[in-house]
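Asks: First the structure, then my questions, so here it is.
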Amino acid sequence: MFNGLFNKKVKVYKHIFFDLDRTLWDFDQNMIDALRDVYFDFNLNVVYPDIQTFINTFTKHNDYLWEKYRLGELKKDVLRFKRFDLTLRDYGVNDQILAKEMGDEYIRITPTKTALIPQAREMLEYLSPKYKLYIISNGFNEVQFPKLEKCHIAKYFEKIITSETSGYHKPCLEAFGYSLSSVNAKKNESIMIGDDLEIDIIGAKKFGIDQVYFNRYKKSHKTKPTHEIHSLIELSKIL
Numbered sequence: 008m009f010n011g012l013f014n015k016k017v018k019v020y021k022h023i024f025f026d027l028d029r030t031l032w033d034f035d036q037n038m039i040d041a042l043r044d045v046y047f048d049f050n051l052n053v054v055y056p057d058i059q060t061f062i063n064t065f066t067k068h069n070d071y072l073w074e075k076y077r078l079g080e081l082k083k084d085v086l087r088f089k090r091f092d093l094t095l096r097d098y099g100v101n102d103q104i105l106a107k108e109m110g111d112e113y114i115r116i117t118p119t120k121t122a123l124i125p126q127a128r129e130m131l132e133y134l135s136p137k138y139k140l141y142i143i144s145n146g147f148n149e150v151q152f153p154k155l156e157k158c159h160i161a162k163y164f165e166k167i168i169t170s171e172t173s174g175y176h177k178p179c180l181e182a183f184g185y186s187l188s189s190v191n192a193k194k195n196e197s198i199m200i201g202d203d204l205e206i207d208i209i210g211a212k213k214f215g216i217d218q219v220y221f222n223r224y225k226k227s228h229k230t231k232p233t234h235e236i237h238s239l240i241e242l243s244k245i246l
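Written out as structure tokens, the structure is:
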């Protein structure tokens with residue numbers, strides 16, 4: 008499909024490591040869809056008359072707590088309920104049992120959402136016959152594996168490596184080291200593709216492998232990744 012779209016091929020690789028959320032799986036859209044389900048399932052209109060306010064409040068707390076989890080300052084089980092606990096508390100509801108039930112429901116629902124980033128499936132079809140593809144993710148095992156299955160893209164990947172599997176979170180060098188070692192990949196034959204400048208790109212750069220920064224929204228930055236793209240179809244000028 009993409010042959011001939013771009014003629015310049017930069018380097019020969021054998022192993023492609025993808026981030027999952029916001030790189031292939033449309034985290035933002037799927038999160039909104041899952042939160043809408045939680046909102047209506049738990050009749051949260053009594054607490055949050057405006058669903059968008061509920062989503063925005065959750066997102067604020069989720070982003071903050073995920074960073075603490077990534078840094079090892081917060082356990083997974085605490086993160087799962089605490090983001091809803093804080094969201095409820097912002098509107099005067101102190102009910103940890105409800106927060107836990109909402110957290111469990113969110114974890115159950117989220118992997119069933121199947122929105123992908125535009126051209127994700129097409130590019131996986133294009134790349135999979137030519138390279139060995141892998142996922143490196145900081146997400147939970149019980150969420151990331153079902154996501155791939157429900158979206159019907161698990162078949163493209165040789166291995167899925169999560170922080171729970173490796174014991175390390177990106178951008179730790181050990182996360183990349185574990186991932187490459189587990190599939191017998193050499194640094195000079197590997198490339199990392201991700202949307203998070205610090206976690207995916209700077210981490211991979213410090214580890215010593217090439218990177219493709221998927222800068223979908225054209226955010227300004229001073230980092231010099233190996234490659235930068237704004238849509239996934241642009242991968243075909245590199246690979």
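Under the numbering used here, the residues of the sequence shown are numbered 8 to 246, in order. Virtual Cβ for every residue (Gly too), placed ideally from N, Cα, C.
For Y20, which three-state DSSP category applies?
Replies: As a working note, residue 20 is residue 13 in the sequence shown. Coil, per DSSP.
Asks: Return the chain-ordered ranges of every beta strand (DSSP E) run that is complete within the segment 138-214 and spans a minimum of 3 residues.
Replies: Here the runs fully enclosed are 139-144, 166-169, 197-201.
Asks: Within its chain, find whatever has a CB closer than 7 Å to the CB of K89; leave out the 5 residues flanking it on each side and keep chain order.
Replies: Walking along the sequence shown from the start, residue 89 turns up at place 82. Cβ within range, chain order: L72.
Asks: May I ask which residues mark the beginning and end of the alpha helix (DSSP H) holding D92?
Replies: As a working mapping, residue 92 is identified with position 85 in the sequence shown. From DSSP, the alpha helix (DSSP H) with D92 extends over 83-96.
Asks: Over the uninterrupted beta strand (DSSP E) stretch that includes V219, give me the two end residues.
Replies: For the purposes of this step, residue 219 is identified with residue 212 of the sequence shown, where counting begins at 1. Taken as a continuous stretch (DSSP letters only), the beta strand (DSSP E) holding V219 covers 217-221.
Asks: How many angstroms separate the CA atom of T30 from the CA atom of N101?
Replies: In the sequence shown, the residue the question calls residue 30 occupies position 23. In the sequence shown, the residue the question calls residue 101 occupies position 94. Answer to the nearest angstrom: the Cα atoms are 36 Å apart.
Asks: Considering only C-alpha positions, which residue in the set S144, D111, R43 is nearest to F25?
Replies: The sequence position of residue 25 within the sequence shown is 18, counting from 1. The residue with the shortest Cα to Cα distance from F25 is S144.
Asks: Following the continuous beta strand (DSSP E) through I236, name the residue where it begins and the one where it ends.
Replies: Within the sequence shown, the letter at position 229 stands for residue 236. Per DSSP, I236 belongs to the beta strand (DSSP E) from 234-236.
Asks: Give every residue of the same chain whose Cβ lies closer than 6 Å to the Cβ of Y46, excluding the five residues on either side of it in the sequence, and list them in chain order.
Replies: Position 39 of the sequence shown, counted from the start, is the residue given in the question as residue 46. Counting only Cβ-Cβ distances below 6 Å, and skipping sequence neighbours, we find I58, F61.
Asks: Compare the Cα-Cα distances from D217 to each of D203, I142, I206, I198 and report the closest residue.
Replies: For the purposes of this step, residue 217 is identified with residue 210 of the sequence shown, where counting begins at 1. Residue I198 is the option with its Cα nearest to D217.
Asks: Given A106, which residues of its chain have a CB within under 7 Å of its CB, disregarding the five upstream and five downstream residues?
Replies: For the purposes of this step, residue 106 is taken as the residue at position 99 of the sequence shown. Excluding positions up to five away in sequence, the list reads F88, F91, D92, L95.
Asks: Tell me the DSSP bridge mates of F25?
Replies: Taking the sequence shown and counting its residues from 1, the one referred to as residue 25 is at position 18. Per DSSP, I142, I200.
Asks: Under DSSP, the alpha helix (DSSP H) around D40 begins and ends at which residues?
Replies: In the sequence shown, the residue the question calls residue 40 occupies position 33. 34-48 is the span of the alpha helix (DSSP H), which, as asked, contains D40.
Asks: Write down the C-beta distance between K83 and P118 rounded to the nearest angstrom, noting that I regard them as a contact closer than 8 Å.
Replies: Your numbering for residue 83 matches position 76 in the sequence shown. Your numbering for residue 118 matches position 111 in the sequence shown. The pair is not a contact, with the Cβ atoms about 15 Å apart (cut-off 8 Å).
Asks: Identify every residue that forms a DSSP beta bridge with L123.
Replies: Locating residue 123 in the sequence shown gives position 116, counting from the first residue. For L123, which the question treats as bridged, DSSP gives the partners W32.
Asks: Near I242, what residues of its chain come up, given a Cβ to Cβ distance below 6 Å and the 5 sequence neighbours on each side ignored?
Replies: Position 235 of the sequence shown, counted from the start, is the residue given in the question as residue 242. Position check: residue 242 holds Leu in this sequence, whereas Ile was assumed. Once the five neighbours on either side are set aside, the close Cβ partners of L242 are M130.
Asks: On the premise that N222 lies in contact with H237, defined as a C-beta separation below 8 Å, what is that separation, rounded to the nearest angstrom?
Replies: Counted from its first residue, the sequence shown places residue 237 at position 230. Counted from its first residue, the sequence shown places residue 222 at position 215. The Cβ separation is near 6 Å, so the contact holds.
Asks: Beta-carbon separation of L180 and D33 under 8 Å?
Replies: Residue mapping note: residue 180 aligns to position 173 of the sequence shown, counting from 1. Residue mapping note: residue 33 aligns to position 26 of the sequence shown, counting from 1. Not a contact, by the Cβ cut-off of 8 Å.
Asks: Kindly indicate which three-state DSSP category T230 falls into: helix, strand or coil?
Replies: The residue labelled residue 230 in the question sits at position 223 within the sequence shown. Residue state, collapsed to three classes: coil.
Asks: What does a CB cutoff of less than 8 Å around I114 pick up in its chain, not counting 5 residues either side in sequence?
Replies: Position 107 of the sequence shown holds residue 114. Correct list, in chain order: R87, F147, E149, V150.
Asks: Using the rule of at least 16 other Cβ atoms within 10 Å of the residue's Cβ for burial, across every protein chain shown, is D28 buried or exposed?
Replies: Taking the sequence shown and counting its residues from 1, the one referred to as residue 28 is at position 21. Buried, by the Cβ-count rule.
Asks: Would DSSP call D102 helix, strand or coil?
Replies: Your numbering for residue 102 matches position 95 in the sequence shown. Here D102 sits in coil by DSSP.
Asks: Going by alpha carbons, who is nearest to M38 out of N69, F183, N52?
Replies: Within the sequence shown, numbered from 1, the residue matching residue 38 stands at position 31. M38 has its Cα closest to that of N69, out of N69, F183, N52.
Asks: Would you call V53 buried or exposed, if buried means 16 or more other Cβ atoms sit within 10 Å of its Cβ?
Replies: Your numbering for residue 53 matches position 46 in the sequence shown. Exposed, because fewer than 16 other Cβ atoms sit within 10 Å of the Cβ of V53.
Asks: Compute the Euclidean distance between the alpha carbons of K75 and L81, then round it to the nearest angstrom.
Replies: Translated into the one-based positions of the sequence shown, residue 75 becomes position 68. Translated into the one-based positions of the sequence shown, residue 81 becomes position 74. Each residue's Cα considered, the two are about 6 Å apart.
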